[in-house]
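Undergrad: Let me give you the structure first, and then I'll get to my questions.
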Amino acid sequence: MQSHLLLLATFAFFVSLVFALLAKDEPREQLRFGGTLFAGFLVAALVLGWLMYPFPL
Amino acid sequence: MPATAAEQTHSSSLVLLCVAAWAIPGAGHLWLGRKATGLMLLAALPLMFAIGLAIHGRLFPFELTEPLVCLAAFADLGMGAVYFLASALGYGMGDVRAVTYEYGNAFLIVAGLLNLLVVIDAYDIAVGRK
Numbered sequence: 285m286q287s288h289l290l291l292l293a294t295f296a297f298f299v300s301l302v303f304a305l306l307a308k309d310e311p312r313e314q315l316r317f318g319g320t321l322f323a324g325f326l327v328a329a330l331v332l333g334w335l336m337y338p339f340p341l
Numbered sequence: 026m027p028a029t030a031a032e033q034t035h036s037s038s039l040v041l042l043c044v045a046a047w048a049i050p051g052a053g054h055l056w057l058g059r060k061a062t063g064l065m066l067l068a069a070l071p072l073m074f075a076i077g078l079a080i081h082g083r084l085f086p087f088e089l090t091e092p093l094v095c096l097a098a099f100a101d102l103g104m105g106a107v108y109f110l111a112s113a114l115g116y117g118m119g120d121v122r123a124v125t126y127e128y129g130n131a132f133l134i135v136a137g138l139l140n141l142l143v144v145i146d147a148y149d150i151a152v153g154r155k
């Protein structure tokens, strides 16, 4: 497994899952919060990635 | 004022609960009757840790001369028994040449830190704050 995007999504999934389990009690709330968090992680990573694109290493 | 026997028993069981929750991810929640949450944590956190090992992450040593390495070692230790099992089996050597090395470290460190959050959550539930 060497795909950065896949690793990023996997990492975001686990972190969102644990945060959702800890922060909310009802399964429906957990699903909603976890989904929002997961989407937020992915969108933030992609946006930051594109913002950093012009900068040289 | 000295603590009563009931209070002492309660604090001992709280300590036991926290140690169990640290040693086995999700065990604290299972102990407190939150079976679904406990089982999901029991599956998710060791799996995240195992992925970190599989993609060549490193279990950092306790080098006091290197503060960041030492902090990472403490974070890894947050996984409890899984950490000791992985160390005993010789996993976690890390391969700095692997393209996934840093990702592996992130998985290992964050899995340990998340387990520490889980311990705190179990404690909060046990004392009735949640």
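Residue numbers (this note's numbering), protein chains in the order written: chain A, 285 to 341; chain B, 26 to 155. Ideal placement from N, C-alpha and C gives every residue a C-beta, glycine not left out.
#1: What residues of chain B sit near A/L301, judged by a beta carbon separation below 8 Å?
#2: If you draw a straight line from the C-alpha of B/D101 to the C-alpha of A/G333, how long is it?
#3: Since A/F339 contacts A/S300 with CB under 8 Å, what's their CB separation in whole angstroms?
#4: If B/G82 sits next to B/G115, beta carbons under 8 Å apart, how far is it from one beta carbon to the other, in whole angstroms?
#5: I want to check one thing, is the minimum distance from the CB of A/S300 to the heavy atoms of the ligand SAH below 7 Å?
#6: Can you check whether the CB of B/A106 is closer than 8 Å to the CB of B/A48?
#7: Do B/M73 and A/F322 have their C-beta atoms within less than 8 Å of each other?
#8: Name the residue from B/A61, B/V144, B/A75 whose alpha carbon lies nearest to the alpha carbon of B/G129.
#9: Using a Cβ-Cβ cut-off of 6 Å (strictly less than) and excluding sequence neighbours within five positions of B/A123, which residues of its own chain qualify?
#10: Put A/R312 into one of helix, strand or coil per three-state DSSP.
#11: For B/R83, which residues does DSSP report across the bridge?
#12: Taking the straight line between their C-alpha atoms, what separation do you get for A/Q286 and B/L55?
#13: Our contact map puts B/A98 next to B/F109 with C-beta atoms below 8 Å; I'd like the distance itself, whole angstroms only.
#14: Which residues in the same chain have their Cβ closer than 7 Å to the Cβ of B/L66, if we skip the five residues on either side of it in sequence?
TA: Taking the coordinates as given:
#1: To locate residue 301 of chain A, count along the first sequence from 1; it is residue 17. Within chain B, the residues near A/L301 are M65, A69.
#2: The residue given as residue 101 of chain B occupies position 76 in the second sequence. The residue given as residue 333 of chain A occupies position 49 in the first sequence. Roughly 27 Å separates the two Cα atoms.
#3: The residue labelled residue 339 of chain A in the question sits at position 55 within the first sequence. The residue labelled residue 300 of chain A in the question sits at position 16 within the first sequence. In fact, because the Cβ distance is near 28 Å, the residues do not count as touching under 8 Å.
#4: For the purposes of this step, residue 82 of chain B is taken as the residue at position 57 of the second sequence. For the purposes of this step, residue 115 of chain B is taken as the residue at position 90 of the second sequence. Not a contact, Cβ separation roughly 14 Å.
#5: In terms of ligand content, the structure shown is empty, and the ligand SAH therefore cannot be addressed.
#6: Taking the first residue of the second sequence as 1, we reach residue 48 of chain B at position 23. Taking the first residue of the second sequence as 1, we reach residue 106 of chain B at position 81. Yes, they are a contact pair.
#7: Here residue 73 of chain B refers to the residue found at position 48 when the second sequence is read from its first residue. Here residue 322 of chain A refers to the residue found at position 38 when the first sequence is read from its first residue. Not closer than 8 Å, so no.
#8: Here the question's residue 129 of chain B lines up with position 104 in the second sequence. Among B/A61, B/V144, B/A75, the Cα nearest to that of B/G129 belongs to B/A75.
#9: The sequence position of residue 123 of chain B within the second sequence is 98, counting from 1. Correct list, in chain order: H81.
#10: As a first step, residue 312 of chain A must be located in the first sequence, where it is residue number 28. It is helical.
#11: Within the second sequence, residue 83 of chain B is the residue found at index 58, counting from 1. Partner(s): B/M118.
#12: Here the question's residue 286 of chain A lines up with position 2 in the first sequence. Here the question's residue 55 of chain B lines up with position 30 in the second sequence. Each residue's alpha carbon lies about 35 Å from the other.
#13: The residue given as residue 98 of chain B occupies position 73 in the second sequence. The residue given as residue 109 of chain B occupies position 84 in the second sequence. Between B/F109 and B/A98 the Cβ distance is about 13 Å, and since that is not below 8 Å, they are no contact.
#14: As a first step, residue 66 of chain B is located in the second sequence; it is residue number 41 there, counting from the start. Excluding sequence neighbours, B/L66 sits near P50, G51, H54, V143.
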